[in-house]
Structures are given as structure tokens and as C-alpha cells.
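Beneath this line is the structure, given in C-alpha cells, with notes to follow.
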Amino acid sequence: MESLFRSTCIITPSGVVDGAVHVRDGMIVAVHDTSEIACGIPSEDFGGLAILPGLVDPHVHINDPGRSDWEGFETATRAAAAGGITTLIDMPLNSSPVTTTLSALHAKHEAAKGKLSVDVGFHGGLIPGNSGQIQALAGAGVFGIKAFLVHSGIDEFPNATMVDLREAMPILQRLNLPLLVHAELDEATLPSRDGRTDHGAWSASRPQSMEVRAIDMLLRLHEEFPCPLHIVHLAASDGIAPLREMRTRWKNITVETCPHYLFFSESMVPPNNTLFKCAPPIRDEQNKKRLWEGLEKGDIDMIASDHSPCPPGMKALDTGDFFRAWGGISSLQFGLPILWSASVGLALSDVARWMSSTPARVFGLGDRGAIAPGYRADFAVFDPRGTTFVEPSMIQHRHKLTPYAGRKLQGRVVRTYLQGTLVFDDGKFPGPLSGRAISRSQS
Ligand SMILES: [Zn+2]
65 MESLFRSTCI ITPSGVVDGA VHVRDGMIVA VHDTSEIACG IPSEDFGGLA
115 ILPGLVDPHV HINDPGRSDW EGFETATRAA AAGGITTLID MPLNSSPVTT
165 TLSALHAKHE AAKGKLSVDV GFHGGLIPGN SGQIQALAGA GVFGIKAFLV
215 HSGIDEFPNA TMVDLREAMP ILQRLNLPLL VHAELDEATL PSRDGRTDHG
265 AWSASRPQSM EVRAIDMLLR LHEEFPCPLH IVHLAASDGI APLREMRTRW
315 KNITVETCPH YLFFSESMVP PNNTLFKCAP PIRDEQNKKR LWEGLEKGDI
365 DMIASDHSPC PPGMKALDTG DFFRAWGGIS SLQFGLPILW SASVGLALSD
415 VARWMSSTPA RVFGLGDRGA IAPGYRADFA VFDPRGTTFV EPSMIQHRHK
465 LTPYAGRKLQ GRVVRTYLQG TLVFDDGKFP GPLSGRAISR SQS
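For the sequence shown, the numbering used here assigns the number 65 to the initial residue and increments by one for each residue that follows.
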């Protein structure tokens, strides 16, 4: 099977190409400029629409098995396909069982069977007492091991202690497997919230210092046990400076932030709208600016959704109580237009780096993340001048609740290809499901 995908705006690692991507048997064999396009090969012409490498989202909570009423493989991967994501990595919670043992990982694979619209990999989890499982989880192909330093939200996934980290990090160093950390440490004392339950009180209860203290602690541990270390969902711009300093010496410390920290600031959050609840919380405008600077200067490597949905009943929408509501933002399908809307003057090559090539490289997905010969033909066809109107009928997530509801976002994902096969076509999902469960190669 051979085909050409033409566009005047193909986003490749070496710049924007006006030409065609030549695909054979699901793999890219060449990127031609217009003068060298071969005739006689079936071609699809996208004109001025951009062809980006399929996005790679390394931070998605699918919650299947056990809590598929929160989100399941079928709905999550359809949402991913509709968002131009061709590979995602599932977090070890909030499924039940949580993915902290080999048998739980097998249950994940079982639950995913026959349901995948895009490729899905899995992270394992570190909880007290399970460091003995890491070797087996790595052998079975997990892409990283995730730990919390504060309460995770569910009791089956307790936070790791210093003892657990000291046990796990040498193992991860030997395996060269990333330790992903939710980097917040509880503060001993915080000012009283005087019964307030609004977003301001929530955000004051999780100050930047919680993230900074956690980062300092992790960096000290990394000096001792230099395993690959990945800070998930950095929201505190005060954390950038200490990370930058360490990263000049260590290339295996990586940092992620999320679309909601780049799009929203505190002043945009309606005080009692718990759809905006996440941890760490959405912070002020100045902080948002500094996160953008962090991305632009290379202090933050990538953007992941941290898609973390729950049934509507758990959002405490009736009371607007941020302390009772489930924390987590649903936005898997909208990462690309969210980002495109949030920044003026952004280049699509930056988007491709932050949302595709860097996460692919960091998590060992060497066959994807770029439009270049030898890579998989995973593409997102994106209309940068289009708009995405976020309304319930077009949302593919299991639940339609999202803080982006009712917004007109800039840019629109028009098509998504997985290994050269069309999996999303302007609101429709043609053909049989072609996503696969993937494992990290041991090389
Ligand atoms: Zn998460």
C-alpha cells in the first residue's frame, strides 16, 4: 500500500515543507518537496491544512478496568483520535486494580482489547511496598513508573514515602526507566480557609511552595540515584529555576505542563465552578506567563493533557465545593486547539515538538513523533484557521463535562491517520478500530 499526503504545510523536524509525505505500508519512506512528487501514486491533497506528526500524550487517566464509568478505553481513544493524538500512555490510576502489579497490568491489557482507536501504552505505579514489582512491570513493557508525594485522590494508590523512593530509584536507574512524580509535598501549616470552599480557597491551600519543596526533595534524591526523572504537570513557575540548574548537569530530568495551566489563569475561573478543579491548581496570570516562557526557553519539555475525568456526580456541582469535588480536568480531545488558542504567534513546529517528538523521545517511542523517513505514518491534519466549538454533541469523552465547554477554540483537527490509516475524519470514525496496546522495547 503506497500513498502520498500532499500539503503546503508539512511540519518536519527540519522545517515546514511544501510537498508530500510518501507512505508505504504504514511507514514514511520520504518527504518530497513539490518539484519531486512522484506521479502514479494515489494521493490525498490537503492544500493549506497542516500535516503534523500524530500527537503523543504520555499522561492520560483511562480508569478501565474497575472505574470505566469514569472513562473507558473506547471513549478515551476515540477522543484522542478526534484530537489528533495517535499514541497515549495510560496512568496507573484510577483504574481498579491500580497498575502496581504485573497481574493488574495484564488486567489493563485485557480491558483494552478490541476497544482502541489509537495506540495505548501503560505506566506502572509506585506505592508503599511494591518496589519489588518494578522489574516485572518493566519486563512487561510499561513506559514509566508513577508516584505521588501527597494523597493521590484514591486510597488504593497511597503516596510513596522517602523509603519507597530510595528503594525504587536505583532499580529505575538500572532499567533506565522514567520515574514520573506528582510533585507536591504537604505544607505543615497553611492559613485557615475560614470555611471557604471556592476556587480561591482551593488554590491557596495548594501554594507554589508545595511544588517547589517536592522538586527540591526529588532533585536531592536524584543526586544520589540519577534515574530518569519526569516531573508531571508542573504548575508552579517557581519550580522552573531549581529544575533548570539541575538540568544543565542532568539530561535525564524532564518536565511536563498541561494545557489548562497555559490557557486558564485564576481570574478566568468562576469561583464555584468545580470543573476547573485540579491539583496543582490553576494559578495567576503572571505564573501562566512564566510557564509559557519556560516552554519557549526549553525549561519545560512537553505538554500532556492529564485528562482525568469522573462521573458528573463526583464534581459537587450543586454546592461548588472545591474541597469535596473530584480533582481533574477533562480535555483529552482538545489539546491542540487549546494550545493554538492560548498563544499568539506560536509556531506549529513548537507544538509538534512539545506534543509529539519530545514525549515520544522521552518515553522511548523511537518509531514515532516526527514526519521523517523511517517513522510511522501517524498524522494529525490540522486547520490552523478553523475553529473548534466545544459543545456536548461533539465531545467524545465518556462524560461531556469540561471547563472548555461553550468555548470557541482556534484551530481544528480535521483528520487523524494511524500508520497511514484514516481513523478520524471530520467528526466520523471510519473503518475498524486499528489502535494497538504497545509496550516499551527493552533495548
Ligand atoms: Zn494525572
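C-beta atoms are modelled at their ideal positions from N, C-alpha and C, and glycine is treated no differently.
- Per the coordinates, the alpha-carbon of VAL276 lies some 48 Å from the alpha-carbon of LEU68.
- Remark: the C-beta of MET155 is in contact range of ligand 1, defined as less than 7 Å to any heavy atom.
- Taking 8 Å as the cut-off, the Cβ atoms of GLY264 and ASN336 do not count as close.
- Our two residues, PHE340 and SER159, have alpha carbons roughly 22 Å apart in a direct line.
- Checking the DSSP bridge columns, you'll see PRO117 partnered with PHE443.
- Relative to the Cα of PRO292, the nearest Cα in the group ILE304, ASP302, ARG311, LEU298 belongs to ARG311.
- Proximity of the beta carbon of SER421 to ligand 1 is not indicated: no heavy atom of the ligand is located closer than 7 Å.
- In the DSSP assignment, GLN474 falls within the unbroken beta strand (DSSP E) covering 472-482.
- Taking 7 Å as the cut-off, one finds no heavy atom of ligand 1 near enough to the beta carbon of SER395.
- Within the region 100-180, the runs of alpha helix (DSSP H) at least 4 residues long that lie entirely inside it are, in chain order, 137-146, 166-176.
- At least one heavy atom of ligand 1 falls within 7 Å of the beta-carbon of HIS125.
- Residue range 485-489 is occupied by the beta strand (DSSP E) that includes LEU486.
- Residue pairing from DSSP places CYS73 in a beta bridge opposite ALA114.
- A heavy atom of ligand 1 is found nearer than 7 Å to the CB of VAL296.
- DSSP places LEU68 within a strand segment (E or B) once states are collapsed to three.
- For VAL81, the closest C-alpha among the options ILE435, LEU400, ALA102 is that of ILE435.
- According to the DSSP assignment, ASP183 belongs to the beta strand (DSSP E) that extends over 183-186.
- GLY203: not part of any beta strand (DSSP E); member of the alpha helix (DSSP H) spanning 198-203, first to last residue.
- Comparing alpha carbon positions, the residue from ALA204, PRO242, ALA247 closest to THR225 is ALA247.
- The residues ILE75, ALA416, ALA444, PHE446, in chain order, have a CB closer than 6 Å to that of LEU116 in the same chain once the five nearest residues on each side in sequence are set aside.
- When only Cα atoms are considered, ARG313 and ILE191 end up about 29 Å apart.
- DSSP assignment within the region 255-297 yields the following whole beta strand (DSSP E) runs of 3 residues or more, N-terminal first: 293-295.
- In the DSSP assignment, PHE327 falls within the unbroken alpha helix (DSSP H) covering 323-327.
- Here GLN350 is exposed, its C-beta having fewer than 16 other C-beta atoms within 10 Å.
- Shown here for PHE453: same chain residues with a beta carbon closer than 6 Å to its own, the five before and five after excluded, namely LYS472 in chain order.
- Under the 10 Å beta carbon count, ALA411 is surrounded by fewer than 16 other beta carbons and is classified as exposed.
- Minimum Cα-Cα distance from THR422 among the listed residues ASP128, LEU243, THR318 corresponds to THR318.
- Unbroken alpha helix (DSSP H) stretches of 4 residues or longer found wholly inside the region 403-439: 412-416, 422-426, given in chain order.
- When C-beta atoms of the region 139-147 are compared with those of the region 192-211, fewer than three pairs fall below 8 Å, so the two segments do not count as touching.
- Secondary structure of THR466 (DSSP, three-state): coil.
- Nearest to ARG440 by alpha-carbon distance, out of PRO77, ARG88, GLY83, is ARG88.
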